[in-house]
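Q: Numbering (this note's numbering), first residue to last: 1489 to 1933.
Structure follows, in structure tokens:
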């Protein structure tokens, strides 16, 4: 902190070579750029300049950010503007200097002094952003570092997962089941690491979520009224509530943040690459360099091959999984298949099938199941393996990823079709050599 000296109390003191010092510090609410000015006034008034780091962003026209000014810990002025624009800084300084706490300090600190401090504050913030924007470090490889998973095979700590499907495929039921399983530490259906969960609900009414939560609690053998932390934000945009989300996950030490759905984030056209990058960067910022993770629900394109929108949605997620539902007419259960289409730092995953049972009140039971219990899922698998066989018949030996790219079949479905029908299985259709797969001649038709 710097002390502002003066010679004539009746004349505003010139700042000359005395410049405020901006520091980047960490608070309970997150990181901030802070500068403090202590006046040699009778009350030794303290002026603080504070800008939340996450609210300060460079753009083509300059650095835009939210700036707060406090006098003796009282918030006096706040605005979000282009900090590098001299005219906007002067307007902000003018409005601030007319506030009562500043009027009382006119003999010691006036509008020109405030304008100069703002200029130096912004210059130092810009310097800090430039110096800390890209950090170069020498790293040593360590193959023994374990990849921590909050949900085995689906959710990686420090990363993000996207579940995608056509409408009405039970995505929300699966996410609610995951949320309660992680929050309560229940391994009945998924292999989970226990941790607090924050469920951000853009889609449904509060009553709908309460009803579903009660059903999932019951199905997992928990107290039906067991609570789960929600943000019901149907009318909000993701960008507008990010500070609130960050504050809450820090406050409750949430390990998993579920967003239902990223399609409702309200940050632009989903087919636009910039929109996809803004959404995924926002979500990744919540968990980067931590043991937290995010799970986002996305809608699938009508071609039923991939997440609707820009390819950057899939590129930014560590795990992308497709959801498909079917029904068993005999047991009256709903079967939901989870197929991992892409993954980072994990081996290829087998499809997971979960069976839900219902009564007049909603979900009453849930269990692990198999595709054999749901003919519709098997029919889809039969169609997939026939398409893969036909492709290999023409193309010859191929890797699963290349088969997926050419045919448009999700990679997880390709892998499942190949491994379930390889040599030694009940229905041998394919054989593997290294990373390549070929068809077994005469196995089809």
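Using N, Cα and C, we set each Cβ at its ideal position, and we do this for glycine too.
All values reported here derive from a predicted model rather than from experimental measurement.
1. Quick check on residue 1539: does DSSP put it in helix, strand or coil?
2. Going by the DSSP bridge assignment, what does residue 1558 pair with across the sheet?
3. Leaving out five residues before and five after residue 1580 in sequence, what residues of the same chain have Cβ atoms less than 6 angstroms from its Cβ?
4. Which of the three DSSP states is assigned to residue 1872 in this structure?
5. What residue does the beta strand (DSSP E) around residue 1465 start on, and which one ends it?
6. Below 8 angstroms, can you find three or more Cβ-Cβ pairs linking the stretch 1592-1603 to the stretch 1636-1656?
7. Under 8 angstroms Cβ to Cβ from residue 1872, same chain only, skipping five residues before and after it: list those, please.
8. Do residue 1536 and residue 1524 come within 8 angstroms of each other at the CB atom, strictly closer than that value?
9. Can you look up residue 1582 in the DSSP assignment and give me helix, strand or coil?
10. From the DSSP output, in three-state form, read off residue 1778 for me.
11. Can you grab the Cα-Cα spacing for the pair residue 1645 / residue 1651, in whole Å?
12. Just confirm the distance between the C-beta atoms of residue 1854 and residue 1707, as a whole number of angstroms; I'd bet it's less than 8 angstroms.
13. Along the chain, where does the alpha helix (DSSP H) containing residue 1668 start, and where does it finish?
14. From the DSSP output, in three-state form, read off residue 1741 for me.
15. Taking C-alpha atoms, which residue in 1824, 1624, 1886 and 1559 lies nearest to residue 1590?
16. With DSSP run on the structure shown, which of helix, strand or coil describes residue 1636?
17. Report back the beta-carbon spacing between residue 1719 and residue 1689 to the nearest angstrom; my notes put them in contact at under 8 angstroms.
18. Residue 1550 by DSSP, collapsed to three states: which one?
19. What residues are listed by DSSP as bridge partners for residue 1927?
20. At the level of alpha carbons, what is the spacing between residue 1812 and residue 1821?
21. With a threshold of 8 angstroms on Cβ separation, who are the neighbours of residue 1736 within its own chain once the five nearest residues in sequence on each side are excluded?
22. Taking a contact to mean a Cβ-Cβ separation below 8 angstroms, would you say residue 1540 touches residue 1518 in this structure?
23. Does the beta-carbon of residue 1678 have 16 or more other beta-carbons within 10 angstroms, so that it is buried, or is it exposed?
24. For residue 1632, which option in 1880, 1887, 1924 and 1833 has the closest C-alpha, if you only look at C-alpha atoms?
25. Going by DSSP, which residues form a beta bridge with residue 1597?
26. Any idea if residue 1829 is buried or exposed, counting beta-carbon neighbours within 10 angstroms, 16 or more meaning buried?
27. Could you name each continuous alpha helix (DSSP H) segment of 4 residues or more that falls completely within the stretch 1844-1917, going from the start of the chain to the end?
28. Residues in its own chain within less than 7 angstroms of residue 1779 by CB, not counting five upstream and five downstream?
29. If you draw a straight line from the alpha carbon of residue 1602 to that of residue 1522, how long is it in whole angstroms?
30. Where residue 1746 and residue 1684 are concerned, what is the direct C-alpha to C-alpha distance, given to the nearest angstrom?
31. Looking only at C-alpha atoms, which of 1673, 1807, 1664 and 1721 sits nearest to residue 1700?
32. Which one or two residues does DSSP pair with residue 1514 in a beta bridge?
33. Return helix, strand or coil for residue 1627, following the three-state DSSP convention.
34. By the DSSP assignment, the beta strand (DSSP E) with residue 1810 in it spans what residues?
A: This is what the structure holds:
1. For residue 1539, the three-state secondary structure derived from DSSP is strand.
2. 1536 and 1563, per the DSSP bridge assignment.
3. Taking C-beta separations shorter than 6 angstroms and ignoring five residues to either side along the sequence, the partners of residue 1580 in its chain run 1567, following chain order.
4. When secondary structure is reduced to three states using DSSP, residue 1872 falls in the helix class.
5. Nothing can be reported for residue 1465: it is not among the residues displayed for the chain, which extend from 1489 to 1933.
6. No, the stretch 1592-1603 is not in contact with the stretch 1636-1656.
7. Closer than 8 angstroms at the Cβ level, and outside the excluded window around residue 1872, lie 1897, 1901, 1902, 1904 and 1905.
8. It is a contact, given that the beta carbons lie within the stated cut-off.
9. Helix.
10. Three-state DSSP puts residue 1778 in coil, outside helix and strand.
11. Note on geometry: alpha-carbon atoms of residue 1645 and residue 1651 lie some 16 angstroms from one another.
12. Rounded to whole angstroms, the Cβ separation of residue 1854 and residue 1707 is 4 angstroms, and the two are in contact under 8 angstroms.
13. Taken as a continuous stretch (DSSP letters only), the alpha helix (DSSP H) holding residue 1668 covers 1659-1672.
14. Of the three classes helix, strand and coil, the one that applies to residue 1741 here is coil, per DSSP.
15. The shortest C-alpha separation from residue 1590 is found at 1559.
16. Three-state result, residue 1636: coil.
17. The C-beta distance from residue 1719 to residue 1689 rounds to 7 angstroms, short enough to meet the 8 angstroms contact threshold.
18. Here residue 1550 sits in strand by DSSP.
19. According to DSSP, which records beta bridges pairwise, residue 1927 is partnered with 1918.
20. For residue 1812 and residue 1821, the distance between alpha carbons rounds to 14 angstroms.
21. Hits under 8 angstroms: 1686, 1717, 1719 and 1742.
22. Yes, these two residues count as a Cβ contact at 8 angstroms.
23. Buried, because 16 or more other Cβ atoms sit within 10 Å of the Cβ of residue 1678.
24. The candidate whose alpha carbon is nearest that of residue 1632 is 1833.
25. Its beta-bridge partners do not exist; DSSP assigns none.
26. Flag for residue 1829 reads buried.
27. Taken in chain order, the whole alpha helix (DSSP H) runs of length 4 or more contained in the stretch 1844-1917 are 1863-1883, 1888-1895 and 1899-1908.
28. A distance below 7 angstroms between beta-carbons, with the five flanking residues on each side excluded, links residue 1779 to the following residues of its chain, in chain order: 1636, 1645, 1646 and 1743.
29. Straight through space, the alpha carbons of residue 1522 and residue 1602 are spaced by roughly 15 angstroms.
30. Whole-angstrom Cα-Cα distance: 11 angstroms.
31. Nearest option by C-alpha distance: 1664.
32. In the DSSP assignment, the residues bridged to residue 1514 are 1519.
33. Three-state result, residue 1627: coil.
34. Run containing residue 1810: 1807-1816, per the beta strand (DSSP E) assignment.
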